[in-house]
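Participant: Pasting in a structure now, in structure tokens, and then I'll have a few things to ask.
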Amino acid sequence: MIEERLLGFVECSQQRDASSLCTLIINFIDKLGLRNFPIIAQAYDGASVMSGRNGGLQAKIREIHPEAIYIHCMAHRLNLAVVDSCNDIQGVKEFFNILESLFVHFSQPSNHKTFIETQKALGTKTLELSRISDTRWSCRSNNCQAVKNNYSSIIVALKYEIEENSNRNVVEAMGLLTSLTTSKFLVNLVLLTDILLTVNVLSKQLQGKESTLGASTDIINGTIKCLEEKRNEASFNTLWQEIKKIAQESDIILDIGRTSKRKRTMPPNLTDFAVMSTIGRDENEDACTSSETSLNEIKNFWLRNAHYRILDSVTNHLKIRFSEESQRLAISVNKFLEMDPIGSLFFIEHYKKLFNIDTESLKAEMLVIKNCPDNKIGDKLSNLKSIVTKNTFPHTFRLLQVALILPIGSTTCERSFSTMRRIKTWLRSRMSQDRFSKLSILNINSDMAKNIEHQEIIDGFSKSGNRKLQLF
Numbered sequence: 001m002i003e004e005r006l007l008g009f010v011e012c013s014q015q016r017d018a019s020s021l022c023t024l025i026i027n028f029i030d031k032l033g034l035r036n037f038p039i040i041a042q043a044y045d046g047a048s049v050m051s052g053r054n055g056g057l058q059a060k061i062r063e064i065h066p067e068a069i070y071i072h073c074m075a076h077r078l079n080l081a082v083v084d085s086c087n088d089i090q091g092v093k094e095f096f097n098i099l100e101s102l103f104v105h106f107s108q109p110s111n112h113k114t115f116i117e118t119q120k121a122l123g124t125k126t127l128e129l130s131r132i133s134d135t136r137w138s139c140r141s142n143n144c145q146a147v148k149n150n151y152s153s154i155i156v157a158l159k160y161e162i163e164e165n166s167n168r169n170v171v172e173a174m175g176l177l178t179s180l181t182t183s184k185f186l187v188n189l190v191l192l193t194d195i196l197l198t199v200n201v202l203s204k205q206l207q208g209k210e211s212t213l214g215a216s217t218d219i220i221n222g223t224i225k226c227l228e229e230k231r232n233e234a235s236f237n238t239l240w241q242e243i244k245k246i247a248q249e250s251d252i253i254l255d256i257g258r259t260s261k262r263k264r265t266m267p268p269n270l271t272d273f274a275v276m277s278t279i280g281r282d283e284n285e286d287a288c289t290s291s292e293t294s295l296n297e298i299k300n301f302w303l304r305n306a307h308y309r310i311l312d313s314v315t316n317h318l319k320i321r322f323s324e325e326s327q328r329l330a331i332s333v334n335k336f337l338e339m340d341p342i343g344s345l346f347f348i349e350h351y352k353k354l355f356n357i358d359t360e361s362l363k364a365e366m367l368v369i370k371n372c373p374d375n376k377i378g379d380k381l382s383n384l385k386s387i388v389t390k391n392t393f394p395h396t397f398r399l400l401q402v403a404l405i406l407p408i409g410s411t412t413c414e415r416s417f418s419t420m421r422r423i424k425t426w427l428r429s430r431m432s433q434d435r436f437s438k439l440s441i442l443n444i445n446s447d448m449a450k451n452i453e454h455q456e457i458i459d460g461f462s463k464s465g466n467r468k469l470q471l472f
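For the sequence shown, the UniProt record's numbering assigns the number 1 to the initial residue and increments by one for each residue that follows.
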């Protein structure tokens with residue numbers, strides 16, 4: 001059975017450079033009596049003090065434990081890919097700025113009350129809007145879903161505020177209503193909700209406690225393939241029907257969304273050149289802007305300028321963040337689980353010295369396991385766990401243990417930070433670091449703490465000696 005446990009918190013507020021952090025970690029490991037246990041991997045976010053190739057913490061740790069390969073947290077990498085994609089396209093960037101303004105507007109007590117009452121009156125599920133943040137995973141997906149599902153409630157609430165004209169926020173409400181009832185906003189809302197829901201499946205997998213490196217790689221590749229398959233007219237047609245339905249319900253006229261009446265042309269001397277900078281020309285300038293533009297032309301415009309552009313941006317950023325080079329270890333682990341000795345050579349070579357693996361014996365074991373009848377049906381990982389025993393396949397058994405416990409990120413560690421605030425409250429701000437760490441261990445590892453016999457604690461306390469203070 002594989003379990004992940006918190007060992008404690010270490011005070012590092014005085015010095016936060018890589019060398020000091022490395023010393024603190026090594027001393028903490030020694031204090032726990034784990035000096036002789038092999039360290040096979042380390043996972044952090046992408047901050048330079050942690051990930052630096054030569055002077056980062058991971059490099060300092062590898063000077064002492066060479067096999068402790070550095071794994072850049074996959075959940076952080078996915079979040080960076082999503083953030084980069086959202087900042088890549090001007091229209092998408094403006095869209096999320098509107099969502100942020102919407103959150104701020106309905107955060108006001110009076111506006112919030114109107115919003116909640118409108119949802120109840122229309123019989124829709126009561127949902128709250130959240131702040132857009134680069135560090136909060138899934139916030140973009142959740143916000144898009146909330147706005148899409150409560151689009152009519154938001155429009156009605158804003159119109160009610162404007163009609164009442166009861167406070168100074170009415171001007172803000174008018175601006176938001178104008179922004180929310182444009183074709184550009186509506187198209188981006190439906191497209192981004194669909195795309196981010198797909199990406200959110202991967203995000204949940206990368207944050208899971210039981211996720212393995214091999215399984216996560218499969219889902220990463222599956223997500224990229226799914227997004228690539230969405231890049232066609234048939235997929236957009238389904239979304240376009242949804243866009244038309246919402247537009248009809250909200251009395252929105254679908255158009256190509258030009259914002260300027262004056263047509264701006266490119267300087268003649270630049271026509272034969274690839275322009276890499278902005279020249280004051282709108283991204284939608286080439287579109288037909290006639291009042292007689294057909295609905296089919298409008299649909300094709302948003303297909304090219306929104307659907308394809310957003311999908312291409314998200315897919316490309318995912319491929320960059322999860323390139324084959326960055327996934328080298330994960331791909332090798334996957335090949336090992338398939339009992340492919342050639343494809344898993346990187347993984348085998350990296351750990352063979354640490355675990356005294358005989359390469360030739362390992363290849364023979366892998367060949368036997370691969371040809372076992374039980375390994376050809378059902379779930380391969382479950383089959384491996386039942387087939388590979390320590391006595392029969394000692395080399396494969398050791399490497400299989402390593403393959404299953406290699407981390408995919410630091411998300412489970414970061415969940416412990418929420419416990420810190422619950423334990424070290426303002427009333428306990430003077431709590432010592434040692435006491436705080438031990439209380440955190442009891443709280444986070446509560447499943448183990450429940451099995452502790454209370455009588456043993458009482459007996460241990462009574463044997464600790466005379467605790468009375470001599471006051472005279």
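Where is the CB? At the ideal position from N, CA and C, for every residue including glycine.
Computed from a prediction, not measured in an experiment: that's the story for all the values here.
May I ask you to list the residues that DSSP assigns as paired with residue 42?
Facilitator: Taking the first residue of the sequence shown as 1, we reach residue 42 at position 42. Answer is 70, bridged to residue 42.
Participant: Pick from 99, 170, 202, 44: whose alpha carbon is nearest that of residue 150?
Facilitator: The residue you call residue 150 lines up with position 150 of the sequence shown. For the residues 99, 170, 202, 44, the minimum Cα distance to residue 150 belongs to 99.
Participant: Should the stretch 389–400 be regarded as contacting the stretch 347–359, the criterion being three or more beta carbon pairs within less than 8 Å?
Facilitator: Yes, since at least three Cβ pairs between the stretch 389–400 and the stretch 347–359 fall closer than 8 Å, the two stretches touch.
Participant: Whose C-beta lies closer than 7 Å to the C-beta of residue 441 among residues of the same chain, with five residues either side of it excluded?
Facilitator: Locating residue 441 in the sequence shown gives position 441, where the first residue counts as 1. Here the set comprises 6, 8.
Participant: Is it right to say residue 418 is buried, meaning 16 or more other beta carbons lie within 10 angstroms of its own, or is it exposed?
Facilitator: Residue 418 sits at position 418 when you count from the first residue of the sequence shown. Residue 418 should be labelled exposed.
Participant: Measuring CA to CA, which of 182, 234, 202, 365 is closest to residue 256?
Facilitator: For the purposes of this step, residue 256 is identified with residue 256 of the sequence shown, where counting begins at 1. Comparing Cα positions, the closest option is 182.
Participant: Given that a residue counts as buried once 16 or more other Cβ atoms are within 10 Å of its Cβ, and exposed if not, what is residue 259?
Facilitator: Position 259 of the sequence shown, counting from 1, holds the residue named residue 259. Any answer about residue 259 is weak, because its pLDDT of 49 lies below 50 and its placement is not dependable; what the coordinates show is given next. Residue 259 comes out exposed.
Participant: Since residue 203 is in the alpha helix (DSSP H), which residue starts that stretch and which ends it?
Facilitator: Start at 1 with the first residue of the sequence shown, and residue 203 comes out as number 203. Start and end: 183–206.
Participant: Considering only their Cβ atoms, is the gap separating residue 201 from residue 242 smaller than 8 Å?
Facilitator: Translated into positions along the sequence shown, residue 242 becomes position 242. Translated into positions along the sequence shown, residue 201 becomes position 201. Their beta carbons are not under 8 Å apart, which means residue 242 does not touch residue 201 by this criterion.
Participant: Could you work out which residue in 221, 82, 197 is closest to residue 314 when comparing CA atoms only?
Facilitator: The residue given as residue 314 occupies position 314 in the sequence shown. For the residues 221, 82, 197, the minimum Cα distance to residue 314 belongs to 82.
Participant: Is the stretch 164–178 touching the stretch 222–235, taking contact as three or more C-beta pairs under 8 Å?
Facilitator: Judged by Cβ distances under 8 Å, the stretch 164–178 makes no contact with the stretch 222–235, as fewer than three pairs qualify.
Participant: Run through DSSP, which three-state label would residue 341 get?
Facilitator: Locating residue 341 in the sequence shown gives position 341, counting from the first residue. Residue 341: coil per DSSP, three-state reduction.
Participant: Quick one: grab the DSSP three-state call for residue 131.
Facilitator: Position 131 of the sequence shown holds residue 131. Residue 131 falls in the coil class under three-state DSSP.
Participant: Would DSSP call residue 162 helix, strand or coil?
Facilitator: On the sequence shown, position 162 is the one that residue 162 refers to. It is helical.
Participant: DSSP three-state call for residue 285: helix, strand or coil?
Facilitator: Taking the sequence shown and counting its residues from 1, one reaches residue 285 at position 285. With a pLDDT of only 48 at residue 285, under the threshold of 50, the placement of this residue in the model should not be trusted; the figure read from the coordinates follows. Coil.
Participant: So the candidates are 335, 338, 254; which of them puts its Cα closest to the Cα of residue 297?
Facilitator: Residue numbering aside, residue 297 sits at position 297 when the sequence shown is read from its first letter. The shortest C-alpha separation from residue 297 is found at 254.
Participant: Under 8 Å between the Cβ atoms of residue 299 and residue 240?
Facilitator: Counting from one through the sequence shown, the residue named residue 299 turns up at place 299. Counting from one through the sequence shown, the residue named residue 240 turns up at place 240. Yes; because the gap between Cβ atoms is below 8 Å, this pair is in contact.
Participant: Among 369, 327, 145, 35, which one has its Cα closest to the Cα of residue 346?
Facilitator: Taking the first residue of the sequence shown as 1, we reach residue 346 at position 346. With distances taken between Cα atoms, residue 346 lies closest to 327.
Participant: Are residue 406 and residue 40 touching if we call contact CB-CB under 8 Å?
Facilitator: Residue 406 sits at position 406 when you count from the first residue of the sequence shown. Residue 40 sits at position 40 when you count from the first residue of the sequence shown. A contact, by the Cβ cut-off of 8 Å.
Participant: Looking at residue 167: is its Cβ nearer than 8 Å to the Cβ of residue 216?
Facilitator: Position 167 of the sequence shown, counting from 1, holds the residue named residue 167. Position 216 of the sequence shown, counting from 1, holds the residue named residue 216. In this structure, residue 216 does not lie closer than 8 Å to residue 167 by Cβ.
Participant: Can you tell me the Cα-Cα spacing of residue 59 and residue 408, whole angstroms?
Facilitator: On the sequence shown, position 59 is the one that residue 59 refers to. On the sequence shown, position 408 is the one that residue 408 refers to. Whole-angstrom Cα-Cα distance: 18 Å.
Participant: Does the structure place the stretch 55–71 close enough to the stretch 28–39 that three or more beta carbon pairs sit under 8 Å?
Facilitator: Yes: at least three Cβ pairs fall under 8 Å.
Participant: Taking only the alpha-carbon atoms, compute the straight-line gap between residue 95 and residue 147 and give it to the nearest angstrom.
Facilitator: By 1-based counting over the sequence shown, the position of residue 95 is 95. By 1-based counting over the sequence shown, the position of residue 147 is 147. Using only the alpha carbons, I get a separation of about 12 Å.
Participant: Helix, strand or coil: how does DSSP classify residue 168 here?
Facilitator: The residue labelled residue 168 in the question sits at position 168 within the sequence shown. Coil, per DSSP.
Participant: Taking only the alpha-carbon atoms, compute the straight-line gap between residue 305 and residue 158 and give it to the nearest angstrom.
Facilitator: On the sequence shown, position 305 is the one that residue 305 refers to. On the sequence shown, position 158 is the one that residue 158 refers to. Each residue's Cα considered, the two are about 29 Å apart.
Participant: Name the residue from 361, 381, 422 whose alpha carbon lies nearest to the alpha carbon of residue 393.
Facilitator: Stepping through the sequence shown from its first residue, residue 393 is reached at position 393. When only C-alpha atoms are compared, the closest one is 361.
Participant: Does the separation of the CB atoms of residue 108 and residue 165 fall below 8 Å?
Facilitator: On the sequence shown, position 108 is the one that residue 108 refers to. On the sequence shown, position 165 is the one that residue 165 refers to. The answer is no: Cβ separation not under 8 Å.
Participant: What does the Cβ neighbour count give for residue 21, buried or exposed, with the cut at 16 atoms within 10 Å?
Facilitator: As a first step, residue 21 must be located in the sequence shown, where it is residue number 21. With 16 or more Cβ atoms within 10 Å of its Cβ, residue 21 is classed as buried.
Participant: What are the boundary residues of the alpha helix (DSSP H) that includes residue 268?
Facilitator: One-based indexing of the sequence shown puts residue 268 at position 268. Premise fails: residue 268 is in no alpha helix (DSSP H) and is neither H nor E.
Participant: For residue 372, name the three-state secondary structure that DSSP assigns.
Facilitator: For this step, residue 372 is matched to residue 372 along the sequence shown. In the structure shown, residue 372 sits in coil (DSSP, three-state: anything other than H, G, I, E or B).
Participant: Between the stretch 362–373 and the stretch 336–343, do three or more beta carbon pairs fall short of 8 Å?
Facilitator: Contact between the stretch 362–373 and the stretch 336–343 is present, because at least three Cβ pairs lie under 8 Å.
Participant: In terms of residues, what are the limits of the alpha helix (DSSP H) holding residue 100?
Facilitator: One-based indexing of the sequence shown puts residue 100 at position 100. Note, residue 100: alpha helix (DSSP H), 90–107.
Participant: With the cut-off set at 8 Å, would you say residue 73 and residue 140 are in Cβ contact?
Facilitator: As a working mapping, residue 73 is identified with position 73 in the sequence shown. As a working mapping, residue 140 is identified with position 140 in the sequence shown. No, these two residues do not count as a Cβ contact at 8 Å.
Participant: Whole angstroms are fine: how far does the CA of residue 344 sit from the CA of residue 329?
Facilitator: What you label residue 329 is simply residue 329 of the sequence shown in a count that begins at 1. What you label residue 344 is simply residue 344 of the sequence shown in a count that begins at 1. Going from the Cα of residue 329 to the Cα of residue 344 covers about 9 Å.
Participant: Measure the CB-CB distance between residue 431 and residue 424 and report whether it falls below 8 Å.
Facilitator: Locating residue 431 in the sequence shown gives position 431, counting from the first residue. Locating residue 424 in the sequence shown gives position 424, counting from the first residue. Yes.
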